[in-house]
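S.K.: Chains as they are written, first to last, in the working numbering: chain A, 8 to 386; chain B, 8 to 386; chain C, 8 to 386; chain D, 8 to 386. Heads up, the beta-carbon is just placed ideally off N, CA and C, and yes, glycines get one too. The structure's right below; bear with me while I get my questions together.
4 protein chains.
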Amino acid sequence: MSDKTLTSAGFYVSAEAFVPTDNPVPTPSAPPPEIVRCAYMEIVVTDLAASRAFYVDVLDLVVTEESDDAIYLRTTEEFIHHNVVLRPGPVAAVAVFAYRVQSPAELDKAVAFYSELGCRVERRKDGFTQGIGDAVRVEDPLGFPIEFFYEVAHVERLAWRYDLHTAGALVRLDHFNQVTPDVPRATRFMQDLGFRVTEDIQDEHQTVYAAWMRRKSTVHDTAMTGGEGPRMHHIAFATHEKHNILYICDKLGSLRLSDHIERGPGRHGVSNAFYLYLRDPDGHRIEIYTQDYYTGDPDNPVVTWDVHDNQRRDWWGNAVVPSWYTEASLVLDLDGKPQPVAPRTDRSEMAVTIGADGFSYTRKSDKDDSSEYKLGNQL
Amino acid sequence: MSDKTLTSAGFYVSAEAFVPTDNPVPTPSAPPPEIVRCAYMEIVVTDLAASRAFYVDVLDLVVTEESDDAIYLRTTEEFIHHNVVLRPGPVAAVAVFAYRVQSPAELDKAVAFYSELGCRVERRKDGFTQGIGDAVRVEDPLGFPIEFFYEVAHVERLAWRYDLHTAGALVRLDHFNQVTPDVPRATRFMQDLGFRVTEDIQDEHQTVYAAWMRRKSTVHDTAMTGGEGPRMHHIAFATHEKHNILYICDKLGSLRLSDHIERGPGRHGVSNAFYLYLRDPDGHRIEIYTQDYYTGDPDNPVVTWDVHDNQRRDWWGNAVVPSWYTEASLVLDLDGKPQPVAPRTDRSEMAVTIGADGFSYTRKSDKDDSSEYKLGNQL
Amino acid sequence: MSDKTLTSAGFYVSAEAFVPTDNPVPTPSAPPPEIVRCAYMEIVVTDLAASRAFYVDVLDLVVTEESDDAIYLRTTEEFIHHNVVLRPGPVAAVAVFAYRVQSPAELDKAVAFYSELGCRVERRKDGFTQGIGDAVRVEDPLGFPIEFFYEVAHVERLAWRYDLHTAGALVRLDHFNQVTPDVPRATRFMQDLGFRVTEDIQDEHQTVYAAWMRRKSTVHDTAMTGGEGPRMHHIAFATHEKHNILYICDKLGSLRLSDHIERGPGRHGVSNAFYLYLRDPDGHRIEIYTQDYYTGDPDNPVVTWDVHDNQRRDWWGNAVVPSWYTEASLVLDLDGKPQPVAPRTDRSEMAVTIGADGFSYTRKSDKDDSSEYKLGNQL
Amino acid sequence: MSDKTLTSAGFYVSAEAFVPTDNPVPTPSAPPPEIVRCAYMEIVVTDLAASRAFYVDVLDLVVTEESDDAIYLRTTEEFIHHNVVLRPGPVAAVAVFAYRVQSPAELDKAVAFYSELGCRVERRKDGFTQGIGDAVRVEDPLGFPIEFFYEVAHVERLAWRYDLHTAGALVRLDHFNQVTPDVPRATRFMQDLGFRVTEDIQDEHQTVYAAWMRRKSTVHDTAMTGGEGPRMHHIAFATHEKHNILYICDKLGSLRLSDHIERGPGRHGVSNAFYLYLRDPDGHRIEIYTQDYYTGDPDNPVVTWDVHDNQRRDWWGNAVVPSWYTEASLVLDLDGKPQPVAPRTDRSEMAVTIGADGFSYTRKSDKDDSSEYKLGNQL
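Given below as structure tokens:
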């Protein structure tokens, strides 16, 4: 990381640049659609009632509308129709990652951009789900099902309706996280699509283990995590404060559902946010997240973490559970069939660090971290 | 407000439109510069040591650099050189409201835009303050001194340096607030400059008492408050959580400086943020602010509050102290002389509501609010 | 306050002593009952349904049992049957302040103690309310209806049932507050009853405006506030954290019930607790309170505040609303008739300070506080 | 647990009783001293400067006085001279667990009580440490060094000095925790000393793995943890809110000292408190703790947890790190020599549960918890 500046906090900063990759997706000549933000995810679940109990009764997402075929959910500060669609199906998977674009005209750009890449593209003037108008769905070059839309029904933003908020209120959809075998290839493609890189994890050989990228002015609208893919790693919702996240844990304990807690709560190194990872009844991973930082300036510094920095994924050095690295949700093609999964092409973050396990350092200067009290060192 | 939709929370929403005004600033044919966000304020103080004690020792802003002539301060998550410049002078005033633009080329646009309006424009390749390069300052048509810049020195973002954060850490510059005699005229001009309106306060005669407008995806980068102007109403910094704001109050009490607390803490109706207003040693007003909502979608609904809604400025119906309506800081012209102040052209919010005083309603349906326990009803 | 030690925070500390009074209640030769803590209050309300809506639907107290004649409510961490009884009646008033004693045998002591004072005493083996066994009620020498009991039905402590907790959960009954014309007389009587003084407010003439006293190891189980009495000033419930109290304000705003907020939220000088005062549908005052300090040591220092210290009742110097000084609830005799109210015998705190109004000081050294921005100075 | 009542939260409650033990310490005929609360711990450290850096610069305990021989530390709300004495020595150990008693006369009772048991007893009229007067130290029947004192220098309670508080301020000493081979024997002895049992962990064979007991009205002043002993498991300090504990973690990350975090943060099942365990430079364990519940009623229900309940030690089911079960600090005899350590006599909690590892249950009804995402299930 000789071209980067070491900060006093232990990570590196540098100016954003196109990510080098030896296996690039071609850059289309057509301009990409102007994306505003991640907007919703359509999730296939195997037992709609069980999922409703989790997303509505436990997580307290707001039901915009529901039927036997689908439940449309939103966060308390959302004014568009939904942030999540739950749809019953035979195989738990993600049907689409949906982004809102800046204007109706961006849909034509999306069609041209992906068509030039030879991707399968489908457009429906009346939308693919309730509440959405003209929309384009594609199977992107990385194998993910992506939707772009502008037209959407407005619903009441319940930000001021504190009487309806629970102690763990989810206020915003924050981001998606995708698993892909070749992170530089995927990240470079997303840069072509207009995403800005904010943070990444690398090793001394410039192996990139994960990268975070944004359209709105937060750390990310999506991230690329290295692993067998294409798969969906998680969908993240924001709370206002940290105690809201702790309450969700407390409530899961009270309901004797604490085994839905997979990792955390903790403080991320990457993003500086406070986090919690849950697993829904089908194993789909949900992050609850709060308090990352503003990234909207054009020259926002890119933060690079050393994969051997024990605080990169948990600032407190707490262990990353293996399933967090290995498990993820299948994604569907536009016919609703699961996309085949390809293996990781580069080295695995878990293999080189095994969580917070003593193959990483807390203080880079230390020869020997054997004195530490972490679980990874004790197993 | 017959053209607007009443929400269940008591305010109205509508689609954004150009604000009607019978006294518009002409719309230039030149395009406006693309503004990223409010970036810093240069504040003239009469006793630099006393101001340093307040901004650095009490509010814990980070000193980027300082001399006898100026102190450059930033928030903990900032990576540009400064968010505040304190400069000693004979008259307490605001020397400039500075915005960051999207690229160096925007400065040419700023020159053309304001020149067409006949405004005084000054450009310095080496900047007007430390840490800033090429910059343009103007006296805008509303009488405010405004700076635009792109080039700026990067400094370390201290977001991860919790060891340096106090319990009241100010993490971001959030917004400015300006006092102007004619709010629709000012707001319409800001729309021409590329700002988006997010909220306003009106009465049944469409008198506009205040309006909030944004470039970044928060409720505002600046607001226009009706009153004698041009003056600076306040500069606002964000904390992560509400307890950080309460701590600032607690600390002021411990230092026997509680008389610097002018209003709050409380919950705004407008913006839904938690707030506190302080006055610095010269009387410059500072807001501490947290947890408004995302506004970045192109069709973000505009929120309109009834000036007679007792919860519009404090969701808990607590009184607005008269000085908050009447007092504000002078602003300087580009020669450093105070701009003359013109009187409010429309009706005064204080005159029609007198804070939370019983001339307003808590429940619109109530004929008589005389049973309430608010200070305004008891004086 | 020449015999007291001035602290760096601006108040005084001294060793606890019997409070001097020129009009004492005789000290009985019989020992007082050993009181454990304040336990419940029986409150007469004029509209039981309206009160239920407030205490249960707004404040989220837990219903232990209810009928047309009474609603029994408890806090989330309580294991005895109730902390509040709401009972319908023609006049809003307090029927009893109830204390739990250390053992069944303490009831005999209570009978002897009050009988020696010539007070009216009534004992019921089956209790005066549901859930309580053997109990003694008295009209005490200050005119207040007081109950002592040991036997009580146990109910489930819902501390771990986070799924049932709202964001403003009330976890404990903390204290009562009584209005009495002669504070030293009342305080000295309470000392004879075994209470320990923790804090008081005095002036330079040793006029005592209010005193706080405890049995359990918090700042108080009850306080004596100077004014027309006997009356009930407030009943206070504890939350875990400050944000829980802010949420209650937010929720009241959402329900368009913000006029139930009388004073605060704020930080007390006395007790150092974070507070909020509400008024129920009958005007009974309720405090929500959190984070005072441990007082259980036998030599816990008594804190004395100067009545002219502007931060004594609000550490941030925010104004005390006049109704908070003047309004309070009637109390009943054992026949259920309102006790007549006698006027304040000493000077009134409001008269000498008028809230946070400039007749008080923020910094004792200041000749002139006229520069401050407080509402009191602006009206 | 057939004699206990199962609650809706999954644990059991029962009336307090003397703990049965087949190997009791004889009950003295002399009455025990009346203990007020745990008051301070004297800790021997091998590098006083390193320990000062941890306790003062990282944990922000207040220095009452210090020399080359000792550092006297207190919490922000303490008014007695110290809660911790750090003293340099060749072997890291605990020199004394000190309790405050109700009056000077209690010291005579302490001498008689322990003398009757044949324990070594030492009394010093001028105290064993700075700031303490007449004091008695004993080697108790369980092998622990215990001090009793009443006389102590008062220092300023800094509760109101928010300007001195950091975001992780430790406000009170909360409790000690001791490791002992035979928990029922130790608990029964503590009952004879006047302690009240509040919670314990048992299995279906009535094996007691740990017990919590109190003098003040919190869940404990000390606890007995089963294991090789006598050893000191931890000393615990309270914060006001949960975010204060999270801040301590964040700060440790910033200082690259996250390897001092051993376990947590998390929510205890036992005590319902929010917690964090740290290890100091010598490996002494420190708990940071907030928000347990009031226990001061004479019939406070005893809570019993099933050792197989996965949420007993962490309500969120997160794993207990092995070192937390196995490591602890030596304790000294009155000559300053380490007490020999005897092995656990009963079954080991770690052996029967291995943390949160799938040998325990989240829902008792589940045959198979194999679907859960906990680290214990993945290693």
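1. Beta carbons nearer than 8 Å to chain A: which residues of the stretch 249-261 of chain C have them?
2. In three-state terms, what does DSSP make of residue 159 of chain B?
3. Tell me which residues share the same chain as residue 173 of chain B and place their Cβ nearer than 7 Å to its Cβ, disregarding the 5 neighbours each side in the sequence.
4. Starting from residue 272 of chain A, trace the beta strand (DSSP E) in both directions and tell me its first and last residue.
5. Can you tell me whether residue 399 of chain C is helix, strand or coil according to DSSP?
6. Using a Cβ-Cβ cut-off of 6 Å (strictly less than) and excluding sequence neighbours within five positions of residue 26 of chain C, which residues of its own chain qualify?
7. Going along the chain, which residues of its own chain have a beta-carbon closer than 8 Å to the beta-carbon of residue 222 of chain B, five neighbours each way excluded?
8. Sorted by chain position, which residues of the same chain lie with C-beta nearer than 6 Å to residue 40 of chain B's C-beta, five sequence neighbours on each side aside?
9. Assign residue 182 of chain D to one of three DSSP states: helix, strand, or coil.
10. Scan the stretch 123-141 of chain C for residues whose Cβ lies nearer than 7 Å to a Cβ of chain A and list them as they occur along the chain.
11. Please decide whether residue 233 of chain C counts as near chain B, where near means a Cβ-Cβ distance under 8 Å.
12. Do the stretch 117-135 of chain B and the stretch 16-30 of chain B meet, that is, are 3 or more Cβ pairs less than 8 Å apart?
13. By Cβ distance below 6 Å, which residues in the same chain neighbour residue 278 of chain A in space, the five residues on each side in sequence not counted?
14. Determine the DSSP secondary structure at residue 345 of chain C, reduced to helix, strand or coil.
15. So with Cβ pairs under 8 Å, would you call residue 167 of chain D a contact of chain C?
16. Starting from residue 238 of chain B, find everything on chain C with Cβ-Cβ shorter than 8 Å and list it in chain order.
17. Quick one, are the C-beta atoms of residue 176 of chain B and residue 71 of chain B less than 8 Å apart?
18. Output needed in chain order: residues of the stretch 195-225 of chain D with a Cβ under 7 Å from some Cβ in chain C.
19. Rounded C-beta distance between residue 314 of chain A and residue 360 of chain A? I'm assuming under 8 Å.
20. Would residue 268 of chain B count as contacting chain C if we go by Cβ distances under 8 Å?
21. Please classify residue 388 of chain B: does DSSP put it in a helix, a strand, or coil?
22. On the DSSP letters alone, give me the boundaries of the beta strand (DSSP E) that residue 46 of chain B sits inside.
23. Assuming residue 195 of chain C is part of the alpha helix (DSSP H), what are its boundary residues?
24. Secondary structure at residue 329 of chain C, three-state DSSP: helix, strand or coil?
25. What's the C-alpha gap between residue 230 of chain C and residue 217 of chain C?
26. Count Cβ pairs between the stretch 254-272 of chain C and the stretch 342-350 of chain C that sit closer than 8 Å; are there 3 or more?
27. Could you pull the start and end residues of the beta strand (DSSP E) that residue 260 of chain A belongs to?
28. Cα separation between residue 149 of chain C and residue 65 of chain B?
29. Can the beta-carbon of residue 99 of chain C be found closer than 8 Å to that of residue 145 of chain C?
30. Beta carbon of residue 85 of chain B, beta carbon of residue 179 of chain B: below 8 Å?
31. Return the residue from the list D:367, D:199, D:337 that minimises the CA-CA distance to residue 312 of chain D.
32. One question on the structure: do residue 255 of chain C and residue 283 of chain C come within less than 8 Å of each other, judged by their Cβ atoms?
33. Mind checking which residues open and close the alpha helix (DSSP H) that includes residue 337 of chain B?
34. Going by DSSP, what residue range makes up the alpha helix (DSSP H) through residue 121 of chain B?
35. Does any residue of chain A have a CB that is nearer than 8 Å to the CB of residue 192 of chain D?
36. Compare the C-beta of residue 278 of chain C against all C-beta atoms of chain B and say whether one is closer than 8 Å.
M.R.: So, from the listed chains and residues:
1. With the criterion set as a beta carbon lying under 8 Å from some beta carbon of chain A, the members of the stretch 249-261 of chain C are 250, 254, 257, 258, 260, 261, in sequence order.
2. strand
3. 67
4. 268-274
5. Residue coverage of chain C in this structure runs from 8 to 386, which leaves residue 399 of chain C outside it and unanswerable.
6. 191, 194, 195
7. 42, 43, 44, 45, 106, 201, 202, 203, 228
8. 108, 113, 116, 117, 155
9. strand
10. Result list empty, no residue passes.
11. no
12. Counting Cβ pairs under 8 Å, fewer than three are found: no touch.
13. 226, 299
14. strand
15. True, the Cβ-Cβ gap to chain C drops below 8 Å.
16. Within 8 Å Cβ-Cβ: nothing; residue 238 of chain B doesn't reach chain C, min ~16 Å.
17. no
18. 223, 224
19. 6 Å
20. With 8 Å as the cut-off, residue 268 of chain B counts as an interface residue toward chain C.
21. Residue 388 of chain B cannot be examined here, being either before or after the span of chain B that is shown, 8 to 386.
22. 42-52 is the extent of the beta strand (DSSP E) around residue 46 of chain B.
23. Looking at the DSSP string, the run of the alpha helix (DSSP H) that includes residue 195 of chain C is 190-199.
24. If DSSP states are grouped into helix, strand and coil, residue 329 of chain C belongs with the helices.
25. 7 Å
26. no
27. Looking at the DSSP string, residue 260 of chain A is not in any beta strand (DSSP E); the run it does join, the alpha helix (DSSP H), is 249-261.
28. 47 Å
29. no
30. yes
31. D:367
32. Cβ distance < 8 Å, so residue 255 of chain C and residue 283 of chain C count as in contact.
33. Not the alpha helix (DSSP H): residue 337 of chain B falls in the beta strand (DSSP E), residues 336-338.
34. 113-123
35. No - not a single Cβ of chain A is within 8 Å of the one on residue 192 of chain D.
36. no
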